[in-house]
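Report on the following structure.
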Amino acid sequence: QVQLVESGGGLVQPGGSLRLSCAASGSIFSIYDMGWYRQAPGKQRELVAQITRGGITLYADSVKGRFTISRDNAKNTVYLQMNSLKPEDTADYSCNAHRIAKDYWGKGTLVTVAS
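Residue numbers for the sequence shown follow my numbering, beginning at 169 and rising by one.
In structure tokens:
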């Protein structure tokens, strides 16, 4: 079992930056592939960024060059640095831990990009 708690969301103006954090507990963090997903109102949840347990990263085309995912295994935490934010980045952002056939989710943190 893995418990995930996201933080760092909030209201930011277009062009601004936010850093989301996801703190994990309950299991060995380093063995999980970690991801950030988002769901905007009326839309399906989508993958934003992923980092494998080996450190390989993957990004959605819509955030490439603007967002950076990273992990600190010593702190059991995964981060999402979001720069040059756009109104279309507004969504509820959730953290995911994946290993083999199991997925664990946090409750999410809301990001609103508006002037």
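Glycine included, each C-beta is placed from N, C-alpha and C at the ideal position.
Continuous beta strand (DSSP E) stretch holding residue i: start and end
i       : result
Leu-215 : 214 to 219
Asn-235 : As written in the sequence, residue 235 is Phe, which differs from the Asn given in the question. Here the beta strand (DSSP E) through Phe-235 covers 235 to 240.
Ala-228 : Counting along the chain, Ala-228 falls outside any beta strand (DSSP E), and DSSP gives it neither H nor E.
Lys-270 : 270 to 273
Lys-247 : Strictly speaking, residue 247 in this sequence is Tyr, with Lys absent from that position. Run containing Tyr-247: 245 to 250, per the beta strand (DSSP E) assignment.
Leu-200 : The sequence given here has Tyr at residue 200, not Leu. Element bounds for Tyr-200: n/a, residue is neither H nor E.
Val-180 : 178 to 180
Beta carbon of residue i nearer than 7 Å to that of residue j
i       : j       : result
Tyr-272 : Val-170 : yes
Val-231 : Val-246 : no
Val-279 : Pro-182 : no
Ala-192 : Asn-264 : no
DSSP-derived helix/strand/coil call for residue i
i       : result
Ser-283 : coil
Ser-189 : strand
Quiz item: Should the segment 239 to 252 be called in touch with the segment 186 to 195, which here means at least 3 C-beta pairs below 8 Å?
Solution: yes
Self-check item: Touch test, the segment 177 to 186 against the segment 206 to 219, Cβ-Cβ under 8 Å, three pairs minimum
Solution: no
Quiz item: On the three-pair Cβ rule with 8 Å, is the segment 213 to 223 touching the segment 232 to 243?
Solution: yes
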